[in-house]
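Peer 1: Below is a structure I'd like to ask you about.
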Amino acid sequence: MSWQSHAASPDYDVIIIGGGVAGLSCALILARSRVHTAVIDVPTTQGGYASGEIATHNFLTQDGASKVSILKKARDELKNYSSVGLLDLRVLKARKQLFSFSITCDDGREITSRYVVIATGNRFADEITKIPGFMDAFGYSIFTCPYCHAYEFTNRQLAVVHSGDTDLNMIKLLSRWTDNITYLANGHDWMDGIRAILREISPKNRIIDAPIAEFATENSVLKGIRCENGEFVPAEAAFLSSLKTAKEPLLVEIGVDFQEGSGLNRNVPKTDPVGRTNIERLLVIGDSRTSFSTLSGAAYEGILTGGYIVGDLVEEQFKSKVL
């Protein structure tokens, strides 16, 4: 079923750009509400972090499952609903029209919809990701979330790499799992209090000031961190309190407002709790909205936003009949 507007009917009621947990959760509630929906995403063929083949945690009933296996099951479940189309395409451009949105894909087609949901995830723009070995181990033994990944490194040798003002909090958090922590300032000034906290955790803990030259890995497993002065710092895992992210180009192109000074080096759009932006009927969910949703949080955001859209469509349906 699809609700009609006063203008020419678009191809879809909702287009979701991004097929991660947030996007597919949104698609599921829309599917079960018989809303004509398209999910546009190209499942990656890359290895490592981008493929989602790393283990995930803190997602009830799926603890330890890979993200790629969770998404495959979700896509298979969506295929049971005729109102949802899964389009393996890349979005090149998004435009707001008078009564709809126009989405240009890499096969040349233009698809229109009444609503657009952006769920494309993070776009990392941190210089540290360019250091050799970083992306090799990211998600396997280099992390930003101790709640999701520190447990597997209980009582092991860990490193905290400079990110900014939240480094001290990361060191304190990691003391829940180990007392063996080295702080690598990577050539930056570091906060007052870090040395005292490290020594309180263990007098053996150190601060390394030198810039990092390489994250030494073997089969995506971190073996240690080599500094530009030649020093090698053994570490079985490294944690960063945040990574800088770039603005999603589709949101910039269409004129979405972004938050200023979000505090975690993250370029996130201004939204309300259901993901609405300053552009009518354009919503943002998941890491695209928060930069740190977690899987369970992303699933919740998808359900919340999908439910809002269904309610909005219902209200419009009855309003048009009254008029």
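Start counting the sequence shown at -3; every next residue gets the next number (my numbering). Cβ coordinates follow ideal geometry from the N, Cα and C atoms, glycine included.
Look at the Cβ atom of V136, then the Cβ atom of I50, and state whether they are nearer than 7 Å.
Peer 2: Checking the displayed sequence, the identity of residue 136 turns out to be Tyr instead of Val. In contact: Y136 and I50 (Cβ atoms closer than 7 Å).
Peer 1: Need the endpoints of the alpha helix (DSSP H) that D132 sits in, please.
Peer 2: F130 to A133
Peer 1: What does the alpha-carbon distance come out to for the pair D308 and E123?
Peer 2: Rounded to the nearest angstrom, the two C-alpha atoms are 42 Å apart.
Peer 1: Do A90 and L246 have their beta-carbon atoms positioned less than 7 Å apart in this structure?
Peer 2: Cβ atoms of L246 and A90: closer than 7 Å.
Peer 1: Quick check on DSSP: helix, strand or coil for G303?
Peer 2: In the structure shown, G303 sits in a helix (DSSP, three-state: H, G or I).
Peer 1: Check F95 in the structure and name its three-state DSSP category.
Peer 2: Here F95 carries a coil assignment [DSSP, helix/strand/coil].
Peer 1: Here's a check: name, in chain order, each residue in its chain whose Cβ is nearer than 6 Å to the Cβ of T100, leaving out the five neighbours to either side.
Peer 2: L88, K89 and E106
Peer 1: Which whole-angstrom value is the C-beta distance of A18 and T33, which I expect to be below 8 Å?
Peer 2: Not confirmed; about 14 Å, so no contact.
Peer 1: In this structure, how does DSSP classify I127 when only helix, strand and coil are distinguished?
Peer 2: DSSP, read as helix, strand or coil, puts I127 in coil.
Peer 1: Leaving out five residues on either side along the sequence, give the residues of the same chain with a beta carbon under 6 Å from the beta carbon of E196.
Peer 2: Excluding residues within five positions, none has a Cβ falling inside 6 Å.
Peer 1: What residues in its chain sit with their C-beta under 7 Å from that of I193, if we drop five residues either side in the sequence?
Peer 2: L164, I167 and K168
Peer 1: What's the C-alpha gap between T140 and V264?
Peer 2: 17 Å
Peer 1: Using the C-alpha atoms, what's the distance from V112 back to V38?
Peer 2: 17 Å
Peer 1: Does the separation of the CB atoms of N118 and T241 fall below 7 Å?
Peer 2: Contact flag set, yes.
Peer 1: Would you list the one or two residues that DSSP bridges to G15?
Peer 2: G15 pairs with nothing; no bridge assigned.
Peer 1: By the three-class DSSP mapping on this structure, what secondary structure does P199 have?
Peer 2: coil
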